[in-house]
Amino acid sequence: MMMSDFPVGFVLIIGAFILPFLTQKFRPIAALGLPLLTLYLIWSVPNGQFSVLPLFDYQLVFVNSDSLSRLFATVFSIMMFGGSLYAIKQKSVLELSAAFVYAGSAIGAVYAGDLISLFIFWEMMTVASTLIVLSARSEQSLQTSVRYFLVHVFGGILFLVGILAHISDTGSTTFSAMEPNTFGTIFILAGFLVNAAAPPLSAWLSDAYPEASFSGAVFLSAFTTKTAVYVLLRGFPGTEILIFIGVFMIFYGIIYALLENDMRRILVYSIVNQVGFMVTGIGIGTEMALNGVAAHAFTHIIYKALLLMSAGSVLYMTGKRKCTDLGGLFQSMPITAMCGIIGALAISSFPLTSGFISKSMISQSAADESLTIVWFFLMAASAGVFLHAGIKFPWFVFFQKDSGLRPPDPPWSMRLAMLLFAGICIGLGIWPEYLYVMLPYEVTYVPYTVTHVVNMLQLLLFSGFAFFLMLPLMKRTLTITLDADWLYRRVIPKVLTRVFAVIWRIDGQVREQIKQGLSNSIGYLSPRSNLLGGILSKQFPLGNMVMWVALILAIYLMLSIFS
Amino acid sequence: MLNDNEHDKHWLVRKKTILLLWRGGIAILLMLVLADFFIHAHPYFGIDGTFGFYSWYGLVTCIAMVLFAKALGIFLKRKDTYYDDE
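Line order of the protein sequences matches chains V and L. Per this note's numbering, the very first residue in the first sequence carries number 930; after that it's consecutive. Per this note's numbering, the very first residue in the second sequence carries number 11; after that it's consecutive.
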């Protein structure tokens, strides 16, 4: 068997089942080694299709290698390496193993060359990610993981229905660019959008991720939504409706994050915001836009993981997660604070960070296509990102008031993981060419022009100025903000409870009436039937019995004569 | 007494430093606005090439977003124990 015939994602999936059997000493070594081995394999597989298996009349293509799949698989394995390093102190082996299956199937999904194998990996991701949420082992995580699972099963069903309809339409299982103009392709698009946290089903993200453990949320942030971005990028480039969906997601993320008090929920709302930028770019669909989306997915995974590592460290050291309980932590957690700030600058696209060299390609492509309104929205949103994530997160966690908490920085493994990812954020910001060469199309874009840098600084710093001007209005309160999940957590259960209360009441009344009727008729019949010789009587006179026996014998005799 | 307290604080959160940060920050903002005189704007739509566009646009849209969020919060905010009885 050639090396390239081995489906790359399986290294991590198989590894997941070996990890629980290793001793405490060897587990971290394997957990760090396997992602590196995966990375090596990714770069040793040439372009083309490998690991092709026949399935009835169709072919499963497990490895369809090109620059786009390689880019996503690369960042997924870097993410898994950093995540494993960060999670060394995590005691739950279930979480680590689930994370390996999760990352392995995400890599499997981006390499899948046909819809059937894509679906298999898609569903494996659902199961594995649910287990990560669940392995936090709290009451909340148990309940939210059920909701999370159900939403993704629903998305999976949409996808499956779409696949079946698409295969019966075209006879082909190949996964390539489609247009949402048939029943099948519309359902496939809908299934993808559920995982991208697009409206109306986006609340699963902010519901589930903040309930995961300190390290679980880091793993969760990377794979589901970005695999969805990948399949949208490959399956539906230039689909206009995605521009509207994307712009909605961008502002939904900002507004909800502005209202939020839980530090990690602020960050996961901003995942929706960032994925919104990518979905918009996919909708624009030019080579520049698609390059921007791919680059932004890459940089986003790193800085979002970094932000959640920083927040996870605070949670790990203090056990607290609400902004109202936190503040002033920069004094005793300088490394966590610094790495959090670097992540926050990167997500805000500050010059010299990775976000600057990726996101600006998307807004540039909107300008090139003369999408005036979209461009103005994207600029406002860029300022809004700094507002809701870039300043809000570090300010309320590390500065703000003095909460009196003086926890030290987290253990070395967590510090090292943060420093590594902070390094990548700045490294890519300074040397973008290393990312640009991996993009699917040739890059002619030059991010660092004086005009662009100055304009971006003006936009961002005035956004920061707005934050401090409006600080009294930003004061954190002990509140949550209702989202679409309110429908299935409150409205539908309440309506169903009421409906069933009525049904049970009517049911009870009908039963009562039937019972009454029965006992009435028994009361009517029994005195009459109880007479000696009555048809339902308990006591048969001897004469009756003899008569019946004689009758039966007579019938028997007749039957035997005629047969 | 007050001075002692101030002195106990981390240098970054002393009143003096905060005042200095405000002044420095506003000076940087002013310089950035004035930088528009010297850079070569590449407007795509006209208005984005006018003086100080990115500065006021960032400020105004952010204030608008905060106010919008605030207004939405009136309807959608609940106590964070809202779902606790599940």
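Note that CB positions come from ideal geometry on N, CA and C, so glycine has one too.
Extent of the continuous alpha helix (DSSP H) run through residue i
i, result
"residue 901 of chain V", "Residue 901 of chain V is absent from the structure shown; chain V starts at 930 and stops at 1492."
"residue 976 of chain V", "Segment: none, residue 976 of chain V is in no alpha helix (DSSP H) and carries neither H nor E."
"residue 1089 of chain V", "1068-1099"
"residue 1163 of chain V", "1145-1164"
"residue 1321 of chain V", "1321-1327"
"residue 1233 of chain V", "1216-1247"
"residue 1387 of chain V", "1379-1398"
"residue 1366 of chain V", "From DSSP, residue 1366 of chain V is part of no alpha helix (DSSP H); its letter is neither H nor E."
When the options are compared against residue i, the one with the closest alpha-carbon
i, options, result
"residue 94 of chain L", "V:992, V:1072, V:1002 and V:1030", "V:1072"
"residue 1508 of chain V", "V:964, V:1287 and V:1038", "Only positions 930 to 1492 of chain V appear in the structure, and residue 1508 of chain V is not among them; the question remains open."
"residue 1049 of chain V", "V:1065, V:1030, V:1060 and V:1061", "V:1030"
"residue 1389 of chain V", "L:52, L:69 and L:51", "L:69"
"residue 1166 of chain V", "V:983, V:1105, V:1185 and V:1176", "V:1105"
"residue 1313 of chain V", "V:1198, V:1190, V:1064 and V:1375", "V:1198"
"residue 63 of chain L", "L:42, L:38 and L:76", "L:42"
"residue 1085 of chain V", "V:1107, V:1108, V:1066 and V:1122", "V:1122"
"residue 1493 of chain V", "V:1473, V:1108 and V:953", "Residue 1493 of chain V lies beyond the residue range present for chain V, which begins at 930 and ends at 1492; the question has no answer from this structure."
"residue 56 of chain L", "V:1305, V:1280 and V:1241", "V:1305"
"residue 1380 of chain V", "V:956, V:1289 and V:1113", "V:1289"
"residue 1356 of chain V", "V:1228, V:1089, V:1295 and V:1341", "V:1228"
"residue 1303 of chain V", "V:1455, V:1176, V:1180 and V:1393", "V:1176"
"residue 1413 of chain V", "V:1112, V:1110 and V:1133", "V:1133"
"residue 1398 of chain V", "L:19, L:36 and L:88", "L:36"
"residue 1346 of chain V", "V:1237, V:1376 and V:942", "V:1237"
"residue 1115 of chain V", "V:1194, V:1020 and V:1170", "V:1170"
"residue 1164 of chain V", "V:1242, V:1427, V:1041 and V:1194", "V:1041"
"residue 1394 of chain V", "L:85, L:66, L:78 and L:90", "L:66"
"residue 1060 of chain V", "V:1342, V:1140 and V:1182", "V:1140"
Own chain residues within Cβ distance below 7 Å of residue i, not counting five before or after
i, result
"residue 1369 of chain V", "996, 997, 1219, 1220 and 1223"
"residue 960 of chain V", "948, 1013 and 1025"
"residue 1474 of chain V", "none"
"residue 82 of chain L", "none"
"residue 1112 of chain V", "1094"
"residue 1284 of chain V", "1228, 1232, 1275, 1276, 1277 and 1278"
"residue 53 of chain L", "59"
Own chain, CB closer than 8 Å to residue i, minus 5 neighbours either side, in chain order
i, result
"residue 13 of chain L", "Summary for residue 13 of chain L: the model assigns pLDDT 48, below 50, so the residue's position carries little reliability; its value from the coordinates is reported in the next sentence. Excluding residues within five positions, none has a Cβ falling inside 8 Å."
"residue 1291 of chain V", "1206, 1207, 1209, 1210, 1213, 1218, 1221, 1222, 1225 and 1307"
"residue 1407 of chain V", "1190, 1251 and 1253"
Where the beta strand (DSSP E) containing residue i begins and where it ends
i, result
"residue 87 of chain L", "87-89"
"residue 1409 of chain V", "1408-1410"
"residue 22 of chain L", "It is not in any beta strand (DSSP E) - residue 22 of chain L carries neither H nor E in the DSSP assignment."
"residue 1110 of chain V", "It is not in any beta strand (DSSP E) - residue 1110 of chain V carries neither H nor E in the DSSP assignment."
"residue 987 of chain V", "987-994"
Whole-number beta carbon distance between residue j and residue i, since they are thought to touch under 8 Å
i, j, result
"residue 967 of chain V", "residue 1036 of chain V", "7 Å"
"residue 1239 of chain V", "residue 1210 of chain V", "Their Cβ separation, rounded to whole angstroms, is 27 Å, which puts residue 1239 of chain V and residue 1210 of chain V out of contact at 8 Å."
"residue 1117 of chain V", "residue 1081 of chain V", "Contact flag wrong, Cβ pair sits at about 15 Å."
"residue 1316 of chain V", "residue 1396 of chain V", "6 Å"
"residue 1261 of chain V", "residue 1339 of chain V", "Actually they do not touch by this definition, with Cβ atoms about 11 Å apart."
"residue 1196 of chain V", "residue 76 of chain L", "Not quite, the Cβ-Cβ distance comes to about 19 Å (not below 8 Å), so this is no contact."
"residue 1143 of chain V", "residue 1245 of chain V", "4 Å"
Contact set for residue i: own chain, Cβ-Cβ below 6 Å, skip 5 residues either direction
i, result
"residue 1187 of chain V", "1317"
"residue 11 of chain L", "Since pLDDT at residue 11 of chain L reaches only 39, below the 50 mark, its modelled position is unreliable, and no value is offered."
"residue 20 of chain L", "none"
"residue 930 of chain V", "Note on residue 930 of chain V: pLDDT 47, under 50, position unreliable in the model; no value is reported."
"residue 1000 of chain V", "1223 and 1367"
"residue 1039 of chain V", "998, 1001, 1002 and 1159"
"residue 982 of chain V", "989"
When you check each C-beta in the stretch 56-69 of chain L against every C-beta of chain V, which residues fall closer than 7 Å?
-> Those residues of the stretch 56-69 of chain L that come within reach of chain V (Cβ to Cβ, closer than 7 Å) are 64, 65, 67, 68 and 69.
Could you run through the stretch 1276-1299 of chain V and flag, in chain order, every residue whose CB is less than 7 Å away from some CB of chain L?
-> Correct list: 1296.
Quick one: which residues of the stretch 1297-1325 of chain V get their C-beta closer than 9 Å to a C-beta of chain L? List them in chain order.
-> Answer set for the stretch 1297-1325 of chain V: 1297, 1299, 1301, 1304, 1305, 1308, 1309, 1310, 1311, 1312, 1313, 1315, 1316 and 1317.
Residues of the stretch 1200-1215 of chain V with Cβ closer than 9 Å to any Cβ of chain L, in chain order = If the cut-off is 9 Å between Cβ atoms, the stretch 1200-1215 of chain V has nothing near chain L.
With 8 Å as the C-beta to C-beta threshold (strictly closer), list the residues of the stretch 1330-1344 of chain V near chain L in chain order.
-> From the stretch 1330-1344 of chain V, only 1331 have a Cβ closer than 8 Å to chain L.
Would you list, in chain order, the members of the stretch 25-56 of chain L that have their beta-carbon closer than 9 Å to a beta-carbon of chain V?
-> Residues 32, 35, 36, 38, 39, 42, 43, 45, 46, 48, 49, 50, 51, 52, 54 and 55.
Of all the residues that make up the stretch 1414-1442 of chain V, which are near chain L by a beta-carbon distance shorter than 7 Å?
-> Residues are counted here when their Cβ sits less than 7 Å from a Cβ of chain L; for the stretch 1414-1442 of chain V these are 1418, given in chain order.
Got a sec: which bits of the stretch 76-94 of chain L sit with their beta carbon under 7 Å from any beta carbon on chain V, in order along the chain?
-> Correct list: 76, 78, 79, 80, 82, 83, 86, 87, 88, 89, 90, 92 and 93.
Taking any Cβ of chain L, which residues in the stretch 1385-1399 of chain V have a Cβ under 9 Å from it, in chain order?
-> Cβ contacts with chain L come from 1385, 1386, 1387, 1388, 1389, 1390, 1391, 1392, 1393, 1394, 1395, 1396, 1397, 1398 and 1399.
What are the residues of the stretch 1160-1188 of chain V that lie near chain L, defined by any Cβ-Cβ distance shorter than 7 Å?
-> Hits within the stretch, in order: 1183, 1184, 1187 and 1188.
For the stretch 1370-1384 of chain V, which residues have a CB atom closer than 7 Å to at least one CB atom of chain L, in sequence order?
-> Taken in chain order, the members of the stretch 1370-1384 of chain V whose beta-carbon sits within less than 7 Å of a beta-carbon on chain L are 1379, 1380, 1383 and 1384.
If you measure beta-carbon to beta-carbon, which residues of the stretch 1246-1276 of chain V are closer than 7 Å to chain L?
-> Taking 7 Å as the Cβ-Cβ cut-off against chain L, the residues of the stretch 1246-1276 of chain V that qualify are 1260.
Residues in the stretch 1049-1076 of chain V having any Cβ partner in chain L nearer than 8 Å = Hits within the stretch, in order: 1072.
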